[in-house]
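K.L.:
Structure incoming, see below.
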Amino acid sequence: MNRYGTTILRAYWLLTLSLLAAALAMVIWYVPDDPQSGPILRIVHIHLAAAINTLIACTVVFAANIAYLWQRDNRWDALGDAGARVVVLLCFVALVTGMLWAKQTWGRWWEWNSPLTFSLILWLLYAGYLLHRRLPHPPGRRAMRSAAFGIVAFLDVPLVYLSVRMLPDSHLSVGERATETVQTQIVWLLAVLFLSGGLISTRYLLTRLTSAGDASTHAQPGPTQRPASPRMIA
Amino acid sequence: MNDTAVVIIAYTFGLTLLLGYAASLLIRHAQALRHQSPPPPIAHQNNPDS
C-alpha cells in the first residue's frame, strides 16, 4: 500500500469513529425515553444497526463467493473470508443485544420463534463457514468448497429478513417512533455501515499483505497453494 | 435489573467487541506494512572516508 492508500485508510477510520461518537452522543442526550417502554428502547439503535449490517455483510460474502466460482481469483476468496468474520461479529452483537432487550421486555432471554431461530442459524452457518476454512483440505480445494458453503449459507438471509418483516408479532417491535428516534437510527445505521466496511476492507488488505509476504518468503509454491489463474495475472 | 443499566451493558458490549476487533486489525495491518517496507539505507556504507 502506498502513502496515499494509508492516508485514505486513516481518513476513513477517523470518519467512522466520528460517526460512532455522534451516534453514541445522540443515544445519550438526543433520544427521548419512550413513553410506553421507557429507556430500554434505546437498545434498538445498536441492535437494528448490527442486524441490518449483518445482512449487508452476508450479501458481500455471497457476491464474493459467486465471483470466486466465476473467476477463480484468490482476491474474491480473501474478500469472502473478511466479510464472513464481520458477519459473525455483527450477528453476535445483534443476538446478544436482542437477548438483553427480550429479557427486559418479555421477562425471558430467548424464545424459539422464527426470526430468532433463523438469526441463530445464520450465526452458526457463518461461524461454520469460518471453521470450515481452517480444516485441512486437498490442494486448491479450500477456496472452492468455502465458496460453495457460503452460497448455501446465504439461503438463510431471506428467511431472516422475511420472518422479521412478515411475523412482526413474534419479534420485539418498536411501534410509533419519534422523529429523534428515527434520526438517531439513521446515524447508527450509517456508523455501523462505515464500521463494517472498514473492518472488511482492513481485514482484506491484511490478508493480501500477509499472503504477498508469504509468497515472497517462499518463492516455490507449496502443495496447498493454488497456481494463479490467467485472469488473475491479467 | 434497571433498564438504563441494561442499555449501558448492551452498548458497552457491542462497541467493545466491534472497536476491539477494529483496533486489532489496524495494529496488525500497521505491523504488516512495517514488515513489508524495505529497510532504511545505511549511511556511510562502503564509504572509505567514514
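Residue numbers (my numbering), protein chains in the order written: chain Z, 793 to 1026; chain Y, 78 to 127.
In this text, a Cβ means the ideal position worked out from N, Cα and C, and glycines have one as well.
Can you tell me whether S101 (chain Y) sits near the ligand COA, meaning its C-beta is under 7 angstroms from at least one heavy atom of the ligand?
P.N.:
This structure lacks the ligand COA; in fact it carries no ligand of any kind.
K.L.:
How big is the Cα-Cα spacing for T971 (chain Z) and W821 (chain Z)?
P.N.:
Those two C-alpha atoms are separated by around 14 angstroms.
K.L.:
Among Z:I978, Z:I835, Z:N857 and Z:H839, which has the Cα closest to the Cα of A935 (chain Z)?
P.N.:
Measuring from the Cα of A935 (chain Z), the nearest candidate turns out to be Z:N857.
K.L.:
Excluding the 5 residues flanking H839 (chain Z) on each side, which residues of the same chain have their C-beta closer than 7 angstroms to its C-beta?
P.N.:
Cβ within range, chain order: A886, T889, G890 and W893.
K.L.:
Going along chain Y, which residues have a C-beta under 7 angstroms from G1064 (chain Z)?
P.N.:
In the structure as shown, chain Z begins at 793 and stops at 1026. Residue 1064 (chain Z) is therefore absent and cannot be evaluated.
K.L.:
Considering only C-alpha positions, which residue in the set Z:D873, Z:W904 and Z:I848 is nearest to C883 (chain Z)?
P.N.:
Closest by alpha carbon: Z:I848.
K.L.:
Write down the C-beta distance between F854 (chain Z) and F946 (chain Z) rounded to the nearest angstrom, noting that I regard them as a contact closer than 8 angstroms.
P.N.:
With 8 angstroms as the limit, F854 (chain Z) and F946 (chain Z) qualify as a contact, their Cβ atoms being about 4 angstroms apart.
K.L.:
Hey, D869 (chain Z) and I913 (chain Z) are a contact pair by Cβ (cut 8 angstroms); roughly how many whole angstroms apart?
P.N.:
In fact, because the Cβ distance is near 24 angstroms, the residues do not count as touching under 8 angstroms.
K.L.:
Buried or exposed: which applies to T93 (chain Y), given that a residue is buried once 16 or more other Cβ atoms fall within 10 Å of its Cβ?
P.N.:
Burial call: exposed.
K.L.:
Within this structure, are the beta carbons of L807 (chain Z) and F986 (chain Z) separated by less than 8 angstroms?
P.N.:
In this structure, F986 (chain Z) lies closer than 8 angstroms to L807 (chain Z) by Cβ.
K.L.:
Does the beta-carbon of Q896 (chain Z) have 16 or more other beta-carbons within 10 angstroms, so that it is buried, or is it exposed?
P.N.:
Burial call: buried.
K.L.:
Interface residues of chain Y around I832 (chain Z) at Cβ under 9 angstroms?
P.N.:
By Cβ distance, chain Y contributes D80, T81, V83 and V84.
K.L.:
Indicate the three-state DSSP secondary structure (helix, strand or coil) for G989 (chain Z) in the structure shown.
P.N.:
G989 (chain Z) falls in the helix class under three-state DSSP.
K.L.:
Buried or exposed for R802 (chain Z), going by 16 or more other Cβ atoms inside 10 Å?
P.N.:
R802 (chain Z) is exposed by the Cβ-count criterion.
K.L.:
Rounded to whole angstroms, how far is the Cβ of W915 (chain Z) from the Cβ of V880 (chain Z), which I believe are closer than 8 angstroms?
P.N.:
Going by Cβ atoms, the distance from W915 (chain Z) to V880 (chain Z) rounds to 7 angstroms, so yes, they are a contact pair.
K.L.:
Can you name the start and end residues of the alpha helix (DSSP H) that I86 (chain Y) belongs to?
P.N.:
Taken as a continuous stretch (DSSP letters only), the alpha helix (DSSP H) holding I86 (chain Y) covers D80 to Q113.
K.L.:
Measuring CB to CB, does N845 (chain Z) end up less than 8 angstroms from S988 (chain Z)?
P.N.:
Yes, Cβ-Cβ distance for N845 (chain Z) and S988 (chain Z) is below 8 angstroms.
K.L.:
Extract the residue ranges of the beta strand (DSSP E) inside the segment 896 to 962 of chain Z, only unbroken runs of 3 or more that lie entirely within it.
P.N.:
For the segment 896 to 962 of chain Z, not a single whole beta strand (DSSP E) run of length 3 or above is found.
K.L.:
Name the chain Z residues that come within less than 7 angstroms of R105 (chain Y), Cβ to Cβ?
P.N.:
By Cβ distance, chain Z contributes L998.
K.L.:
Candidates Y:N79, Y:L110, Y:A87 and Y:R111: which alpha carbon is nearest A842 (chain Z)'s?
P.N.:
Nearest of Y:N79, Y:L110, Y:A87 and Y:R111 to A842 (chain Z), Cα basis: Y:A87.
K.L.:
By the 10 Å Cβ neighbour count, where 16 or more other Cβ atoms means buried, how is Y796 (chain Z) classified, buried or exposed?
P.N.:
Its Cβ having fewer than 16 others within 10 Å, Y796 (chain Z) is exposed.
K.L.:
So L991 (chain Z) and V852 (chain Z) are supposed to be a Cβ contact under 8 angstroms. How far apart are they, rounded?
P.N.:
About 11 angstroms; that fails the 8 angstroms criterion.
K.L.:
What residues from chain Y crowd round R995 (chain Z), counting only those whose CB sits closer than 8 angstroms?
P.N.:
Those are L102, listed as they occur along chain Y.
K.L.:
For chain Y, find out if any of its Cβ atoms is closer than 8 angstroms to the Cβ of A843 (chain Z); answer yes or no.
P.N.:
So, not an interface residue.
K.L.:
Since V979 (chain Z) and L811 (chain Z) are thought to touch, with beta carbons under 8 angstroms apart, how far apart are those beta carbons, to the nearest angstrom?
P.N.:
Confirmed, about 7 angstroms.
K.L.:
Quick check on this structure: which residue in Z:P827, Z:W862 and Z:H924 has the alpha carbon closest to the alpha carbon of R969 (chain Z)?
P.N.:
Measuring from the Cα of R969 (chain Z), the nearest candidate turns out to be Z:P827.
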